[in-house]
Each structure stands twice: as structure tokens, then as C-alpha cells.
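Plus 17 on top of the position in the sequence shown (first one is 1) and you've got my numbering.
Positions of the beta carbon are idealized from the N, C-alpha and C atoms, including for glycine.
Notes to accompany the following structure.
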Amino acid sequence: MQQGEATSRGRSTKFERLGWWLGIIGPVLVLGGFFAVDEGGTELSGSLDEIVAHLATLHGRTVIGSMIGILGAFAIVGFVASLRLRLMRAGPQGEWLPSLLG
Numbered sequence: 018m019q020q021g022e023a024t025s026r027g028r029s030t031k032f033e034r035l036g037w038w039l040g041i042i043g044p045v046l047v048l049g050g051f052f053a054v055d056e057g058g059t060e061l062s063g064s065l066d067e068i069v070a071h072l073a074t075l076h077g078r079t080v081i082g083s084m085i086g087i088l089g090a091f092a093i094v095g096f097v098a099s100l101r102l103r104l105m106r107a108g109p110q111g112e113w114l115p116s117l118l119g
């Protein structure tokens, strides 16, 4: 094995390890983003003006929840990339999934 291969394999192993953490953190962030927007049980009843006023007061929570959800989506993409790298390195046993994703 040459020096370049060893360095590349070391980096990909670190990326795989990070990828598994991203696979755990990603769905948690996505769900956290949903709960940050609305903790549940919000019943919108009343006139249209009351509903609009209620939703306008939640604008900050909506933006923060959306940002948390987007971070979770990026984490899931990182997890899928690390999974694809691992399956490509697995050889013929793992070739079918990277061909579907790429």
C-alpha cells in the first residue's frame, strides 16, 4: 500500500465514523425542528384575523424550527454519502446501492 492510499483510507475511515454520528444526529434534528415549530395541540379556531395573528407570533419559532430541520437534512445527506463510500469499498457485495444513488 502506498502512502497516498493509506492517507486516503484514513480520511475515509474518519468520514465513515463521522457519517454514523450524522446518521444518529440527523433524524433527531429533523424531529426537533418539527417540534420547535409546534409542540402539538395547537387548535386554530376563530376568525381569520385571529388565526393570522397567532401564526404571526410564531414566526420566530417557525424560522428556528426550519433551520434545525435543514441542518438535520444535511446531516442525513452526510450519512448517506458515508454509507455510499463504505458500500463502494465493500466491493461487489455493495455495488448495487451506490449505482442506485449515483
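If you draw a straight line from the alpha carbon of residue i to that of residue j, how long is it in whole angstroms?
i      : j     : result
Ser62  : Thr74 : 16 Å
Asp55  : Ser64 : 20 Å
Ile42  : Lys31 : 17 Å
Leu100 : Ala70 : 45 Å
Val45  : Glu33 : 19 Å
Ala107 : Ala98 : 14 Å
Gly82  : Ile93 : 17 Å
Leu88  : Glu67 : 32 Å
Leu104 : Ala90 : 21 Å
Can you name the start and end residues of the alpha helix (DSSP H) that residue i belongs to?
i     : result
Gly86 : 76-106
With 16 as the cutoff for other CB atoms within 10 Å, does residue i come out buried or exposed?
i     : result
Phe52 : exposed
Leu39 : buried
Phe96 : buried
My guess is that residue i and residue j are in contact by the Cβ rule of under 8 Å, so how many angstroms apart are they, rounded?
i     : j     : result
Ile85 : Gly36 : Not really, about 20 Å apart at Cβ, beyond 8 Å.
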